[in-house]
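The next block holds one structure in the form of structure tokens; read it before the comments.
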Amino acid sequence: MSLATDPYNLIVCGVGGQGNILIARLIGRILAENGYHLAIGETFGAAQRGGSVFSSLRISKKHAYGPLIPKGGANLIVSLEPLETLRLLSNFGNENVVTLSNTQTAMPVGVLAGRAEYPDVDKLRRAIQELSAKALFTPATDIAVELGAPIVSNIVLLGALLGAKLLPISEEEVKQDMASTFPPSKLELNYQALQRGIETVA
Amino acid sequence: MSEQKTKTAETQKVFLLGNEALVRGALEAGVDYASAYPGTPSSEIIERLSHEAKKRGIHVEWSSNEKVACEGAGAAAVAGLGSLAAMKNAGLAVALDFLTHCSLTGLGDQGGSMVVVVCDDPDAHSSGDETDSRWQARFAYAPMLEPTNVAEAREMIRYCFDLSREYDCYVFLRSYTRLSHGSSIVELGPLPEAKKGQAHPDCSAAVNPYLGKVHHVMALERLAKIKEVFETSKFNEYFGPEDAELLVIASGNGVSCGREALEMLGLEDQVGLLKLATLWPFPTELVRARAKQAKQILVLEEVDPVVEVLVKDALNGTEAASVPVLGKESGHVPMAGEITPDRALDALGKLTGKTHQGPGEAYQAKLKQITDEMLISRGLTWCPGCPHRASFWALDKAVKAEGGEVYVTGDIGCYTLDVFPEGKCQMNMLHAMGSSIGLASGLGQMHKFGWDKPVVSICGDSTFYHAVLPGLVSAIYNQANLVHVVLDNSATAMTGFQAHAGVGYNAMGEAAPKIDVVKLCEALGVPVTVADPFDIRGATKALRGVMAEGQGVRILVLRRACELVRMKADKNKPYKVVVNQDKCKGEECGTCYSKFRCPALLKDPVTGKASIREDACPGCGACASVCPFKAIEIQEVAK
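These protein sequence lines map, in sequence, to chains E and L. Read left to right, the first sequence gives residues 1 to 202 (full-length UniProt numbering). Read left to right, the second sequence gives residues 1 to 639 (full-length UniProt numbering).
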């Protein structure tokens, strides 16, 4: 599988604490091993917990690009939270963008406090569909909760990304990377999460 | 380090964060001594080095502030070692007092070297300002280089150590958020044998800047020599045709943004791009030579027009003096914020008439309509279970009890979140590290001018050691009337839990002397009260008590470990917290969810009553004492 465009611009987003940086770096490492030039941009700091966070990946066979994606320039948005899909679309969306979103919402503090309203979930889903050439949704958190570990939602979503065959990386490569970077005691759970994610889309 | 070897292992290519690439380069250069005070986006440098410290015999420390860090690194260089000090842009201001002198003295004659890494934060992603440290190189008479990408960062910091050793001066390496917190593939060089450098401080010689004027001249002569080296530095590169009429001069993040914009507009074969990585002393001859054939020059950089001003200066009086130098001062690039591919596209579009085809109008209209209707912000607030939320709640109560006329000065740390809409908005004035007490010590004299309301200054424990201590001593000595509150959560939480003088361990995680804030304050001879913020009534009472005392400096330590520290130490929640639905008055009250605003509390959309998110609730129980109807109940959890 090769990339649809070059450079290919991937965004991995979510809410601070959901593990978007982990999967962005994992994808980045594998693509780098496969000979792609790669740059990842992240900001961390005050938005670490509960705030909007995203990583941008610039993938190319030509040369290493800078970490910033031009406005309206995303090829693929992988999101751990549906409102964050919309937020990233607002800056980087275009007619050809593909999105893969977790269905589980994470409420901003203003919503919890009853001072703001989270958009109607069905309406939000339709909006994402309307703004994406192809919009995939996966209940990553529900599956992670079934596995007894909400923390692996990001790995389920990564599995869905593999299942949807949106990037030139394989399940085997992901597992190899996990084996060399995750604590051995957590591997089985993460393999399971990955498998369940693959099945949701395959 | 979180480096991952790639398949082409023989070339040792790894995927690294910019700060990790700087660490790798420093290790390859044989760094012996490294010091810093944490600050985003610089913190990972010392963190990663601390992992290597023991095995490679390097001294790595979290110093109490940036000036101390630089002084330690300076001393190590004078002793003949290779040293590194790291900081964010704001920290450089703290360190400059020493660094301006260090440029005049040089590093002694023991062959040491010193690199000062300054990580700017264009766009102020996690900073109170986006000040541009590049001006400071000229101010401090020190050379400065700026990498344009992660791979270059590794190579360049190695070179900075060599340059420092050869010219007997410390060297600035300027990083920025998109480099420090960007990752890319880096080709590694060999690591030297892990062995401690041999320290040889020369006890026979004085290293001091006096006579300042003579040393000033020597520093200028040194810079003139380095300028010659920079004129032909391999780090400055030219891309594009030799006869380009439009020349882009770019530095730092501007290089990748400029190259991408040229590529997107199909202008690579027509427009030249001069990448400048040696910023000070400025390679004027190189710029003049490239400017000769140009009809227009566009400068792409962030944040301030530093290169732009230097280019104009370089061309002044030459045959290229009439070539327009465009950029920030001409309005082609905004004067604030980071440089982006879009800003580069805009600027090039204005000059060439070429535009990039973005999303179509119909798509953009739809996008605008949907996002206007649906997109809400996430807001910033303290974590569930954060002691600061309780502390500020108590402060709010105490201030209200005083009729609202209390002046509160804040400081830098997680508690700064108070000023955001989801905080309590108690702080009236907020500036630099340590400014809480300095500002309060001024306000604490205002009774002489007819203003006699309570003054409260607030800092955290890490900030206390960093810059509050001298201000506190000054306030006590000058008999300012103020209450100083230390929010002691046993952590430098905002930047990622780096060790500090109060936690009992050092940068490597080894046991270290624990300097107790309470004992230290008591030794200063002023009254010290200690309270627990989670006992909100007790904390409020303590605050009112110390405010009522009215005279001199009074200290209140609100002590409770950061929730993230507690979670690591103790997996069990202290309490199970439940809302008694019969007692809860719902929207009639809403105190807990709409005013206390712990993210683990929510308003049930149907009943309007309070509800606890089990997954988010850390079981601190602070909300129980906030509920006016005692509807939030806490149950002890069996250990």
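Using N, Cα and C, we set each Cβ at its ideal position, and we do this for glycine too. In this text, all values refer to a predicted model and were calculated from it rather than measured experimentally.
Interface flag, residue i vs chain E, CB-CB below 7 angstroms
i              : result
K603 (chain L) : yes
H500 (chain L) : no
C620 (chain L) : no
A9 (chain L)   : Confidence at A9 (chain L) is low in this model, with a pLDDT of 44, below 50, so its placement is unreliable and the value that follows should be read with caution. No, no contact with chain E.
E422 (chain L) : yes
G509 (chain L) : no
L16 (chain L)  : no
D342 (chain L) : yes
S178 (chain L) : Position check: residue 178 (chain L) holds Arg in this sequence, whereas Ser was assumed. So yes, R178 (chain L) belongs to the interface.
T381 (chain L) : yes
P387 (chain L) : no
Simplified DSSP assignment, three categories, for residue i
i                     : result
C119 (chain L)        : strand
I431 (chain L)        : Checking the displayed sequence, the identity of residue 431 (chain L) turns out to be His instead of Ile. DSSP places H431 (chain L) in coil when its eight states are reduced to three.
G444 (chain L)        : coil
S611 (chain L)        : strand
R58 (chain E)         : strand
H51 (chain L)         : helix
K227 (chain L)        : helix
N506 (chain L)        : coil
A531 (chain L)        : strand
residue 650 (chain L) : Residue numbering for chain L in the displayed model covers 1 to 639; residue 650 (chain L) lies beyond these limits and cannot be assessed.
V15 (chain E)         : strand
M335 (chain L)        : coil
F235 (chain L)        : coil
R560 (chain L)        : coil
H37 (chain E)         : strand
P526 (chain L)        : One detail in the question is off: residue 526 (chain L) reads as Val in this sequence, not Pro. Coil, per DSSP.
M1 (chain L)          : Because the pLDDT of M1 (chain L) is 41, which lies under 50, any placement of that residue in the model is unreliable, and the number read from its coordinates should be weighed accordingly. The answer is coil: DSSP assigns M1 (chain L) none of H, G, I, E or B.
G545 (chain L)        : helix
residue 646 (chain L) : Any answer about residue 646 (chain L) is impossible in this case: the structure gives chain L only from 1 up to 639.
M87 (chain L)         : strand
Selection from the options that minimises the alpha carbon distance to residue i
i              : options                        : result
I27 (chain E)  : E:R196, E:E171, E:A116         : E:E171
N89 (chain L)  : L:S180, L:A79, L:D418          : L:S180
T232 (chain L) : L:L262, L:K275, L:A261, L:E263 : L:K275
G72 (chain L)  : L:G57, L:V306, L:Y33           : L:Y33
E588 (chain L) : L:C627, L:L558, L:G619         : L:C627
P454 (chain L) : L:A291, L:F161, L:M547         : L:M547
L147 (chain E) : E:R196, E:L100, E:A135         : E:R196
V152 (chain E) : E:Y191, E:K175, E:I69, E:L162  : E:Y191
L83 (chain E)  : E:N94, E:R58, E:I128, E:G66    : E:I128
Residue i at chain L interface by Cβ criterion, 7 angstroms
i              : result
Y191 (chain E) : no
E42 (chain E)  : yes
L161 (chain E) : no
V109 (chain E) : yes
E199 (chain E) : no
L112 (chain E) : yes
K165 (chain E) : no
N75 (chain E)  : no
K186 (chain E) : no
R29 (chain E)  : yes
A133 (chain E) : no
Where the alpha helix (DSSP H) containing residue i begins and where it ends
i                     : result
V60 (chain L)         : Taken as a continuous stretch (DSSP letters only), V60 (chain L) belongs to no alpha helix (DSSP H), being part of the beta strand (DSSP E) at 59-62.
S180 (chain E)        : 171-181
residue 646 (chain L) : Residue 646 (chain L) lies beyond the residue range present for chain L, which begins at 1 and ends at 639; the question has no answer from this structure.
S164 (chain L)        : 150-167
C620 (chain L)        : No alpha helix (DSSP H) contains C620 (chain L), which DSSP labels as neither H nor E.
S153 (chain E)        : 153-163
A347 (chain L)        : 341-352
First and last residue of the uninterrupted beta strand (DSSP E) at residue i
i                     : result
R378 (chain L)        : Note, R378 (chain L): premise wrong, no beta strand (DSSP E); not H, not E.
S457 (chain L)        : 455-460
F172 (chain L)        : 171-176
V15 (chain L)         : The amino acid at residue 15 (chain L) is misidentified as Val; the sequence shows Phe. Start and end: 13-17.
S184 (chain L)        : 182-187
S35 (chain L)         : 33-36
residue 679 (chain L) : Chain L is shown from 1 up to 639; residue 679 (chain L) falls before or after that span and cannot be answered.
Item to check | Unbroken stretches of the beta strand (DSSP E), 3 residues or longer, contained in the stretch 280-314 of chain L | outcome: The stretch 280-314 of chain L contains, as complete beta strand (DSSP E) runs of 3+ residues, the segments 296-300 (chain order).
Checklist entry - Which ranges would you report for the alpha helix (DSSP H) in the stretch 83-143 of chain E if only whole runs of at least 4 residues count? => result Here the runs fully enclosed are 109-112, 121-130.
Next on the checklist: What ranges does the alpha helix (DSSP H) occupy inside the stretch 376-416 of chain L, keeping only unbroken runs of at least 4 residues that lie completely in it?
Outcome noted: Scanning the stretch 376-416 of chain L for uninterrupted alpha helix (DSSP H) segments of 4 residues or longer gives 387-401, listed from N- to C-terminal end.
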